[in-house]
Structure formats: structure tokens, C-alpha cells
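Chains as they are written, first to last, in our numbering: chain A, 1 to 365; chain B, 1 to 365.
Dropping the structure here:
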């Protein structure tokens, strides 16, 4: 077992021993699980991330409504320990569901009926033993690709991201230090774009070579692997992170999750969020600034409006510039996709838009 | 311009010249566009692929209902010629929409209202001038990843797919010879799996090294880039292609598209379909063959049943073995996901299932 797997293993064993101790003392064995509800989530003003509070709930064996979840918690723990940590293998939460689903004794009762039951148990376990899902050797979908001025070692293979062609390096879900190391970094910053079409435009134009950066795309809301990877590059390599999204409330939200974390994954913000992430565009003011033709504008609808109004109340958008930004979208009544820049020329984003934004330090934080 | 772009360019210029000739002769300029409807699609028994028939429809300038589409066809052609082929650049169909959308003169009439209007025009153009979308320098979403016993040259960068770590090489959308070349092939076959979780299990276990193959995953229905890439590897490198999907009608359908093509893209079957693709699993008989526990079975629902019955009528499933396969699913009333194999052990798919299938030549064609 590598040192990290050993540490996670010890945590799981510790949890089991604690419960066993209670059994031996003739007590009702109980696990305390931090509560993952909105009420137990807050914005940490100092660290500038969304975090989980201190509320916990008990899960006891001798309690009709809790016994099944109690059993499931240890069933999942045991499977992770035996099949994943001890063998050094990783798997998906879907596979783990199949690995732990079986009928109980001679009854027709199953350990789990469907994956909706096993997924929350995994999340409970993550917060209870304080181990990232990746440390439990579980992977999520892998999404997104990377190219640019960095060499990455992935499972011992040296990958020069300057020579990854048009396709790029497919970002894995587990990017912890045991798997991924950084070598020879010539990048001065990281650029994360929401859309793969924009990534490909920038890659074809070799934007990353001229501007010395690492270029990634996330295909929408970034998966865990991408968030963790940019977090590591930002902190370990001291590279500023720029985020480029559509100019709509969904784009703002993507940026917001990269920056502050999300309510769902509040317990992982400290290892995934990048509070200093910079929003480089598209801004609601870009339409005037870059004289984008009216034909590229899209009317905002009711759900955009209510979403934007919600965002005005987010603690981390309580800055003059952000208020102006969101209010300008509401006032103008239109939104913009990144692709709208193509109306000014196919390589406008590479040759004009991004260079000007970077030169003018025209971003929001 | 590279020779391929030149050829496509000549086709577009040829189309324009033809129409211009009619104008000069005082005739009503007309384009003939092959009809992309179900009625004009058939299964070519000899080539064993779905193909487009010979029906065409006229699109004239002096026809109130056709004039706009006539204009759009040439607007799109001109944009492709000027902004893409001449500059050697590629872009997405979304960007092309923005590049060609503008208001007409001083009117409030736009060339296109939304992308639903420009996408079919692109498809029309593909069949009219007989050029793949990729030859028009347009890319679709890129999806899926590749690892294994092959070295690929992508835009001049040499990518050794044996040393791509856990992430793999992200498969681009455009994989034509000008962009992608094959070098040093040690693979004996290609294995395309539907699911990225299975890909990662096989990659972590280095299945491709022991069995000497190229391993790809498609994240569901394969994107154009993946289909074209396996087509090229199958034909140019003479590698058999195995497809691994869930045991459900959707899995059969994925296999069917890889093998015979689809009705939507019937005009591209000859360059994308692999009629000799082998269905390696999961088969409806695997449950008994590999003694999968009952807890892994999922009941088929009404839509599965009607989908499966449809498939029984597909001309390419008119073989005894395929009838047995589909009928067994209907009779047993259950379906299986690939992940169900995990119930037999985390690496069962790598160490038992696939080796046995290959050894026993236990696949369908």
C-alpha cells in the first residue's frame, strides 16, 4: 500500500475499531456522520470558500430507521478496504454499487436496491473519515482535456503537454500526487475554458505557446478531477487561474464553483476551490467593449433573471464590480456565448480578445 | 492549402460556378440536394452498410419557399471557403453559425435565426458536394480517449499511446490523414468500450499491454471522430474491431451504428461504418455463462421491449445468432450493465471475461 492508501486504510480501520469497542462494552454501536445539508453549510469569509459546519447526525445499529444505513456504511467501507486500497486499484461508484449489492442471507432483501442508496453512503464516508473520494480509490467520470507549457507524469508515464496534437491529454478523475506529478513547467498561468470548441480554437492557434500557459477545457461544469488538478497547479506551481465561460448566469455559476466550491461538495472546498480564480470573460460589458454585432445577442429568459438575482446575494459576489457585472446583464436583458466572438473573425478570441483582456488586466476576482 | 482542402475547395467553387452559369444564361439558378429522409435510405446488402439513395430535391433562387435556403447554402459555402479552407483552420458548427448570422442590409431579417437552421444546411452541403464534414473543416464535439499498442502522429506531434498514463489521449473530432497518421503499430486488434469506467478498469490493469490492442472508450454513442478513427485503423492497419457495450437494446444499437452506420448519417457510412465489427459482449447469455448473481439483473421495461423488437427486424440482424441473442433478452426479461461483472471481482472483466471471450472466439458479427 502506498503511504496515502495506508492513511485512508487506517482511518477506515479506526472507524471500525471504535464501533467494535462499543459492541464489546455492550453499548449500542453508533457512527457520527457530519450533516451534509444546506443548514450546515456556510461561507468562510477568511478562507473565502464554502465549508461544511460542525453539525453531526448519529447512525446507530439498534435503531430501526438507522440499522440499514449503519450496515451499508460498513459494507461500503469493507469493500473499499479489501478490493480497492489493499489491491491498489480504483473503480467507479457504479462498480462499487455492483460489488456491494447482494441479497442478505436467504432473504430476498438486498443490501442496496439501487445506486441512489449507495452514492450517499460513499459521501457520508468521505466526510466521516475525512478522506476525499479519490483517497477512497473511487473515480468519477473523467472529462476535459489539457495542452500547454507543462510536462505531467501520469502513473509513471511522462506526458509532454506541448506535444499532444489537436486532441490533448484526457484529464483523469484521480489526480492526486501519487498518480500525477508536475515536471518542467514553463507556463505563467492557467486558462480554463468552459467549452471544448473554444479550447480547440485556442489549441489550433497555439495560444498556449505564445502566451505561455496551460490550457484546459471542462465541457461545462468542471468534473472533480479538473477542479482538483487546477487547485494543485494553482497552489503548488503558484500559477494564476483564469476562467473563461459564457456570459450567462450558468457561466457565472461555473466560475463560482471553481472559485468558492459548491454546497453539495462543501466538505471538499479546501482541496478543490481556488478563491483567487479570475473571471476573464465573457463579461456583460464585452458587447460594447468589443463591438459585437447585435445578431450575436441572446435574450435572457425568466430563469436567467431569477438565477442572476440569486447570484447578486451570494456572499462572494458582494463586491462593487461583481454587482455591476450582474446588474448590467439584467439591465441589458441579453446574454452572450463565447462563440459569439467568432462573428468578429475566426481567431478573434486568440488574437484580439484574450490578449487585450490580459494586457489591460481586465478581469474580475 | 493542403491537397485535401484544395479538393474540397474545388468542389465548392464548382457548385458556385454551375449556379453562376445558369444566372448568366438567364435561367433560374438551382441546386440539387440529395434527400436525407428515411425513404431515401437503404441497406446495401453487398457492402453491408446503410446508404443514401439517389433521390434529390431542387432548391431554386426564384421560388419563395426555397429562396432563403438557397441563399443560406451559398452563405455557408462562402464562409467555409474563405474562413476555413483558405486559412487552414477548423471550427465548430456553433461558431460557423455565429460567423454567418447577420442582418440582411437595413432590414431586421437575419440570415439565420438559430442554429437549427444552419446545421441542416451544412448537412445538405456535405451530401451535395460529397465532402465529409471534416473535409469542410468543421468539427463536432470531441469525446472519448485512447491508449494502447500504437503510436499516433497528431498534427506533427508524436504520441506514444503506450505511455499516456491513466488519462489517455483525448480523441479529436477531425482524424483525417492530414491530421492523424499511424506509426509503430504493435496492436493485434481494437477494443472499443462504451463506458469510460470500464476503459479505466482495463487501462489500470494494462489489459491492452498483455493482449496487444488499442483500447478506446466512447462515452455512449461514439462521436464522429471515434467512428472515423476506428474505421481508419480497421481498414488501413487491418485490425479486427471488437465492441463492448451494455447488454440492453441501447448497447445493441451502439454496436449497430458502429457496424452499419445510422440513418441520419447514411451518406457517410462508407467512410465510418465497420461492417465486420464484432460484438464481444455483454451477451444475453453471459448471465448463465459467467454465473452472474441475480442482484446484478435489471428488469427490461416497455421501451426496451419495443426497441428490441424493432431490432429483430433490422436487415443486418437477420442472422440466426442475432435472433437468438435478442430473443433471449426478451424471454429472460432482464438486461445487464458491463459493471455487473464487478460483482464477480474488480478485475473479472480483465482477467476472466474478455480473455475467455477472445479464447473461445465467442462473439457475434
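Beta carbons: idealized from backbone N, C-alpha and C, even for Gly. The model shown is predicted, which means the values in this text are computed figures rather than measured ones.
### Query
Since residue 145(B) is in the beta strand (DSSP E), which residue starts that stretch and which ends it?
Bounds of the beta strand (DSSP E) holding residue 145(B) are 145–148.
### Task
Take every Cβ of the region 314–327 of chain B, pair it with every Cβ of the region 170–177 of chain B, and state whether three or more of those distances are shorter than 8 angstroms.
Contact check between the region 314–327 of chain B and the region 170–177 of chain B: fewer than three CB pairs, one atom from each, fall below 8 angstroms, which does not count as touching.
### Task
Can you give me, in chain order, the residues of the region 67–91 of chain A that have a beta carbon less than 8 angstroms from any beta carbon in chain B?
Contact annotation: in the region 67–91 of chain A, residues whose CB is within less than 8 angstroms of a CB in chain B are 83, 84, 87, 89, 90 and 91.
### Query
Mind checking if residue 101(B) is an interface residue toward chain A, Cβ cutoff 7 angstroms exclusive?
So yes, residue 101(B) belongs to the interface.
### Query
Could one say the Cβ of residue 246(B) lies closer than 7 angstroms to chain A's Cβ atoms, at least one of them?
Not a single CB atom of chain A sits nearer than 7 angstroms to the CB of residue 246(B).
### Query
residue 110(B) touches chain A at which residues, Cβ-Cβ below 8 angstroms?
The contacting residues are 295.
### Query
Should the region 8–21 of chain B be regarded as contacting the region 90–104 of chain B, the criterion being three or more beta carbon pairs within less than 8 angstroms?
In the pairwise beta carbon analysis, the region 8–21 of chain B is classified as not touching the region 90–104 of chain B: fewer than three pairs are separated by under 8 angstroms.
### Message
Taking only three categories from DSSP, how would you classify residue 253(B)?
### Response
DSSP places residue 253(B) in helix when its eight states are reduced to three.
### Task
Output yes if chain A places a C-beta closer than 7 angstroms to the C-beta of residue 155(B); else output no.
Chain A, which has a Cβ nearer than 7 angstroms to the Cβ of residue 155(B), makes this yes.
### Three-way DSSP call (helix, strand, coil) for residue 329(B) in this model
It is helical.
### Spatially closest choice to residue 329(B) from 312(B), 339(B) and 316(B), by CA coordinates
Scanning 312(B), 339(B) and 316(B) for the CA closest to the CA of residue 329(B) turns up 312(B).
### Task
Name, going along the chain, the residues of the region 340–356 of chain B whose beta-carbon falls closer than 9 angstroms to a beta-carbon of chain A.
Residues 340, 341, 342, 343, 345, 346 and 347.
### Query
Tell me which same chain residues have a C-beta within less than 7 angstroms of the C-beta of residue 196(B), skipping the five on either side of it?
The beta carbon of residue 196(B) lies closer than 7 angstroms to those of 217 and 219 in the same chain, with the five residues before and after it left out.
#### Entry: Bridge-paired residues (DSSP) for residue 180(A)
Beta-bridge partners assigned by DSSP to residue 180(A): 154(A).
### Task
Please confirm if residue 172(A) has its CB atom under 7 angstroms from at least one CB of chain B.
Yes - at least one Cβ of chain B is within 7 angstroms of the one on residue 172(A).
### Message
Residues in the same chain with beta-carbon distance under 6 angstroms from residue 213(B), minus the five sequence neighbours each way, listed in chain order, please.
### Response
Taken in chain order, the residues that qualify are 148, 187, 189 and 191.
### Query
Given residue 166(B), which residues of its chain have a CB within under 8 angstroms of its CB, disregarding the five upstream and five downstream residues?
When the five nearest sequence neighbours on each side are left out, the beta carbons in the same chain lying within less than 8 angstroms of the beta carbon of residue 166(B) are those of 200, 203 and 204, in order along the chain.
### Query
Who are the Cβ neighbours of residue 155(A) in its own chain at under 7 angstroms, not counting the five residues just before and after it?
Once the five neighbours on either side are set aside, the close Cβ partners of residue 155(A) are 179.
### Task
Would you mind working out which of 95(B), 102(B) and 256(B) sits nearest residue 71(B), comparing C-alpha positions?
Shortest Cα-Cα distance from residue 71(B) to any of 95(B), 102(B) and 256(B) involves 102(B).
#### Entry: Proximity to residue 32(B) [Cα-Cα], best of 127(B), 159(B), 228(B) and 23(B)
Answer by Cα proximity: 127(B).
#### Entry: CA-to-CA distance, residue 283(A) to residue 348(A), given in whole angstroms
Cα to Cα, residue 348(A) sits roughly 16 angstroms from residue 283(A).
### Task
With DSSP as the reference, please indicate the residues paired to residue 213(A) in a beta bridge.
DSSP output for residue 213(A) lists 189(A) as bridge partner(s).
### Outcome for residue 62(A) when other beta-carbon atoms lying within 10 angstroms are tallied against a minimum of 16
With fewer than 16 other Cβ atoms within 10 Å, it is exposed.
### Any 3 or more C-beta pairs closer than 8 angstroms across the region 298–310 of chain B and the region 237–245 of chain B
At 8 angstroms Cβ cutoff, the stretches do not touch.
### Query
Any idea what DSSP makes of residue 101(B), helix, strand or coil?
Look at residue 101(B) here: in three-state DSSP terms it is coil, with no helix or strand label.
### Query
When the Cα atoms are used, what is the spatial distance from residue 85(B) to residue 95(B)?
Cα to Cα, residue 85(B) sits roughly 15 angstroms from residue 95(B).
### Query
So what does DSSP say about residue 42(B), is it helix, strand or coil?
For residue 42(B), the secondary structure class from DSSP, reduced to helix, strand or coil, is strand.
### Query
Using a Cβ-Cβ cut-off of 7 angstroms (strictly less than) and excluding sequence neighbours within five positions of residue 249(A), which residues of its own chain qualify?
Answer for residue 249(A): 304, 307, 308 and 311, listed in chain order.
### Task
Flag this pair as yes or no: are the beta carbons of residue 198(B) and residue 338(B) separated by less than 7 angstroms?
Contact flag set, yes.
### Message
Considering Cα atoms alone, identify which of 151(A), 211(A), 146(A) and 228(A) is closest to residue 135(A).
### Response
Nearest in C-alpha terms to residue 135(A), of all of 151(A), 211(A), 146(A) and 228(A), is 228(A).
### Query
In whole angstroms, what is the alpha-carbon distance linking residue 260(B) and residue 168(A)?
Looking at the two C-alpha atoms, the distance is approximately 29 angstroms.
### Task
Using a Cβ cut-off of 7 angstroms, pull out every chain B residue sitting near residue 164(A), in sequence order please.
Chain-ordered, the chain B residues with CB closer than 7 angstroms to the CB of residue 164(A) read 157 and 159.
#### Entry: Sequence-distant residues of its chain with Cβ nearer than 8 angstroms to residue 271(B) (five each side left out)
Once the five neighbours on either side are set aside, the close Cβ partners of residue 271(B) are 132, 228 and 231.
### Query
Listing by chain order, which chain A residues have their CB less than 8 angstroms from the CB of residue 142(B)?
At a C-beta separation below 8 angstroms, residue 142(B) has these neighbours in chain A: 145, 167, 196 and 200.
### Message
Using a Cβ-Cβ cutoff of less than 7 angstroms, which residues in the same chain neighbour residue 299(A) once the five nearest sequence positions on both sides are dropped?
### Response
The answer, listed in chain order, is 333 and 334.
### Query
Mind checking residue 222(A): buried by the 16 CB within 10 Å criterion, or exposed?
With 16 or more other CB atoms across the displayed protein chains lying within 10 angstroms of its CB, residue 222(A) is buried.
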